[in-house]
Structures are given as C-alpha cells and as structure tokens.
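Okay, structure first, notes after.
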Amino acid sequence: MDEISLGKKSKSNLQVSLSIINLTNLLNKNWGKVYFVPNTYNSTSSVGLTKVGTIGGSGTDKNDPVYNFKTPNRPYTIDQFASRFQMQLGLRYNF
1 MDEISLGKKS
11 KSNLQVSLSI
21 INLTNLLNKN
31 WGKVYFVPNT
41 YNSTSSVGLT
51 KVGTIGGSGT
61 DKNDPVYNFK
71 TPNRPYTIDQ
81 FASRFQMQLG
91 LRYNF
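Numbering (my numbering), first residue to last: 1 to 95.
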C-alpha cells in the first residue's frame with residue numbers, strides 16, 4: 001500500500017493498493033488450478049460402480065446387489081474462473 005499526500009498543510013491523503021489473487025497462476029499457467037467435483041449431490045457415491053447382478057440367498061441377504069468397481073477417468077473438473085490469476089486495484093481517500 002502506498003500513500004500520497006495531497007498538500008503540505010492538509011491531512012488528506014490518497015492510498016493506493018494492488019492485490020494479486022492466485023499468484024502461482026500468474027507465474028505459470030499450469031499452476032494454481034482449482035479442482036472441484038461437479039454435481040455434488042451424491043456425486044462420489046456411484047462414480048465407477050456398475051451393477052453386475054444380484055446374489056440370491058435366504059433371509060435378509062436375499063437378492064443383494066453385486067457391483068463392479070472401475071476407476072473413473074476424471075471425477076474432478078477444473079474451475080476455469082477460480083484458476084485464473086486476478087488483480088484488484090484499490091483507491092482510498094482519507095480526509
């Protein structure tokens with residue numbers, strides 16, 4: 001933050017500030033990426049699971065489902081807006 005005086009006898013001044021958000025992405029476009037899981041409602045409960053059949057039995061385990069797990073390709077997505085660097089310029093007048 002830098003301060004600029006607006007006169008010798010005046011107490012007024014102007015403050016200037018610059019904020020950089022996601023500095024790592026400013027240095028390298030492959031750094032500072034923000035990942036998230038799309039469709040967050042139960043998104044991870046069924047990723048990679050495929051029903052392949054049922055197990056017949058007696059009692060409480062009758063017709064229990066059988067699942068096969070396959071590693072998902074990309075369960076996460078990159079947030080394009082939050083992954084960019086941003087700069088914010090601020091001006092403040094004090095009197």
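Every residue, glycine too, gets a C-beta built ideally from N, C-alpha and C. Please read all numbers here as calculations on a predicted model, not as lab measurements.
- Put simply, of G32, M87, N94 the residue whose alpha carbon is nearest the alpha carbon of I20 is M87.
- If you compare the alpha carbons of F85, Y93, R92 with that of N30, the shortest gap goes to F85.
- In the DSSP annotation of this structure, the continuous segment of the alpha helix (DSSP H) that includes L26 starts and ends at 23 to 27.
- Look at V66 here: in three-state DSSP terms it is strand.
- Apart from sequence neighbours up to five positions away, the residues of its chain that approach G32 with a beta-carbon distance below 6 Å are N22, T24, N25, ordered along the chain.
- The alpha-carbon separation between P65 and T71 amounts to approximately 19 Å.
- Annotation: the continuous beta strand (DSSP E) that includes K51 extends over 49 to 55.
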